[in-house]
Each structure stands twice: as C-alpha cells, then as structure tokens.
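Numbering (our numbering), first residue to last: 4 to 294.
Even glycine gets a Cβ: it sits at the ideal position worked out from N, Cα and C.
What follows is a single structure, written as structure tokens, with notes after it.
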C-alpha cells in the first residue's frame, strides 16, 4: 500500500509544516512507501488530489486544516479512493466527526492501520461541493473576518470576529426554499450543515450526521443582537443554542437561498461568493478513515 500526502504547510499558522516534517521522519523510519506534494495557493489541494487519483493512488491523506480536507475531497471525487486526515489547522472540526485523534501522530497511526472506513455524504453547492458546513449571511461575514483580520488569534479568531462583526450587522431578508416549502423571512444567518462542528469546536448543528443522506438547516431568525450574543455560547455546551425559540433546525435534501442583499456564503470556512445558491444531497459519497 502506498500513500499520497497533500500537505498544507501554512495551515494552523505554520503548524502544517512542523507536523509534516515529523510525519515524514516517521514514515521513513518505518519504511512506509509514500509520495507527497505541498500546496502553494488556495485551491491547490484540489488539483494535487485530482492528479494523484488520476495517477492511480488509492490512499490520499490530507495534512492541514478543514479547508485542506475540503479541497482534497473535491479533488478525489471517487468512492474507490480512501481519504485520511491529519489535523494541523486551527479548527479540527471535520476530524471530530470522524473521531480522529487531536494528536497528529496518533492520527497517522490510525491512517496507517486503516481499520475503520466511514462513508461520508459529499453535498453539492451549485456545481461545486462541500464536506462540512456552509453559512449564509452574518455567519459568512464572521468567517471572512476571522480568516483575514483576526486570523492570527488561532481558535479564538471566530469568536473575536463574531463580537466585532455584530456591531455593524444589519439583518437581511432572504427567500429560502427547503425542499418544496418557500419562505421569505428576515434572518441573522442560515447554516446548511453536513457535519455538526465548525469554527474551532463549535457544535453549530448538533443533530447533523455526516452519513445520513440529509442536510441540516439551522435558521437563526430575527432577534436582537444581545439575544444572539447571550445564546450563541450554547454552541460550546453541546449545541444548547438549538433550543432557543428563535433558532429553527430542520432536515432537507435540497435548499435554495436568495436575497436582494449581497450576502456572502462560506463553505467549509472559505468564502466562495454570494447568494443565490443551491445546496443539495445527491447521493455522492466519499470514503474516509475514521477512529
């Protein structure tokens, strides 16, 4: 068995480089056959993974954060290839859903054993795909600022961005179609999730399962800014925020969102554009090594 590693050296403010240096040493010490490539720009992991699969590799390993995992998944796009994840970023959100150890070396051992394979839904967003969580509106604005202005604060970047972004935020009206039901409503933001965690350990969608063939939609309805700030910490308490009367969870196969406002969309932590967008579960699956 030969592994191909896709390495993001700048993940986790340089943690990716340090983790990979140690992993490479271990692989050589154990005499394990492997090849690798280093990402050099956003989106590069998609190209690298696609080329590795085309060259015949059946075991692709992502070394980086959630964004790197998302890109590798989009590059693999095949159910006969097994994906491994070694967390080296700020969030480690999708690996939590796979029960991947926090320690990168323990994650490597898990991958090399390859004892547990998990089939994971790979939802569509228009012509592209995502693996974990998408957000529309305030959530995406927070993600944008967390990845730029507050990037140097590590796992705290999202919460810092949340408190600073909310000051000037104005609630937009959206038109959302969930399966066949259309609603026009003011919202703080909407989350469309495959997995439960995002933003560095926040359980934003506690009912999500990565292999149930359904999307989870969480609508944060119109509420005061103080109400949102008071209840949002529930994401760190097992998803207690979901019980608030202004937070509405539901399941769906297809979600369409549009607005007259120029709302950003984040997919797996990266800003991918603006509404309108269509999110859909279409049966596409990927195989991941789990713990």
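With a 10 Å radius around its C-beta and 16 neighbouring C-beta atoms as the bar for buried, classify residue i as buried or exposed.
i: residue 11; result: buried
i: residue 205; result: buried
i: residue 93; result: buried
i: residue 195; result: buried
i: residue 219; result: buried
i: residue 151; result: exposed
i: residue 187; result: exposed
i: residue 18; result: buried
i: residue 74; result: buried
i: residue 102; result: exposed
i: residue 203; result: buried
i: residue 153; result: buried
i: residue 120; result: exposed
i: residue 292; result: buried
i: residue 198; result: buried
Terminal residues of the continuous beta strand (DSSP E) containing residue i?
i: residue 168; result: It is not in any beta strand (DSSP E) - residue 168 instead sits in the alpha helix (DSSP H) that spans 160 to 168.
i: residue 289; result: 288 to 292
i: residue 37; result: 37 to 41
i: residue 98; result: That residue, residue 98, is in no beta strand (DSSP E); its alpha helix (DSSP H) goes 96 to 100.
i: residue 277; result: 273 to 277
i: residue 228; result: Run containing residue 228: none in the beta strand (DSSP E); it sits in the alpha helix (DSSP H), 228 to 234.
Kindly list the residues whose CB is nearer than 6 Å to the CB of residue i, restricted to its own chain and excluding five residues on each side of it in sequence; keep chain order.
i: residue 36; result: 5
i: residue 60; result: 7
Could you tell me the boundaries of the alpha helix (DSSP H) in which residue i lies?
i: residue 70; result: 69 to 79
i: residue 25; result: 14 to 32
i: residue 219; result: Segment 218 to 224 is the beta strand (DSSP E) holding residue 219; no alpha helix (DSSP H) there.
i: residue 53; result: 47 to 57
i: residue 107; result: 107 to 116
i: residue 196; result: Run containing residue 196: none in the alpha helix (DSSP H); it sits in the beta strand (DSSP E), 184 to 196.
i: residue 141; result: 141 to 150
Does the distance from the CB of residue i to the CB of residue j come in under 8 Å?
i: residue 164; j: residue 149; result: yes
i: residue 280; j: residue 128; result: yes
i: residue 193; j: residue 260; result: yes
i: residue 146; j: residue 140; result: no
i: residue 55; j: residue 97; result: no
i: residue 288; j: residue 82; result: yes
i: residue 266; j: residue 278; result: yes
i: residue 285; j: residue 70; result: no
i: residue 49; j: residue 77; result: yes
i: residue 14; j: residue 91; result: yes
i: residue 72; j: residue 79; result: no
i: residue 262; j: residue 189; result: no
i: residue 122; j: residue 62; result: no
i: residue 126; j: residue 223; result: no
i: residue 22; j: residue 64; result: no
i: residue 216; j: residue 124; result: yes
i: residue 41; j: residue 89; result: no
i: residue 191; j: residue 99; result: no
i: residue 238; j: residue 207; result: yes
Here's a check: name, in chain order, each residue in its chain whose Cβ is nearer than 8 Å to the Cβ of residue i, leaving out the five neighbours to either side.
i: residue 235; result: 165 and 244
i: residue 131; result: 77, 270 and 275
i: residue 160; result: 93, 149, 150, 153, 154 and 203
Below 7 Å CB to CB, which residues in the same chain sit around residue i once its five sequence neighbours on both sides are set aside?
i: residue 210; result: 219 and 252
i: residue 20; result: 12
For residue i, is the beta carbon positioned less than 7 Å from some heavy atom of the ligand ZN?
i: residue 242; result: Of ligands this structure carries none, so the ligand ZN is not represented either.
Does the contact criterion of 3 or more C-beta pairs under 8 Å hold for the region 166 to 180 versus the region 103 to 116? no
How about the region 228 to 244 and the region 179 to 189: do they share at least three Cβ pairs that are nearer than 8 Å? no
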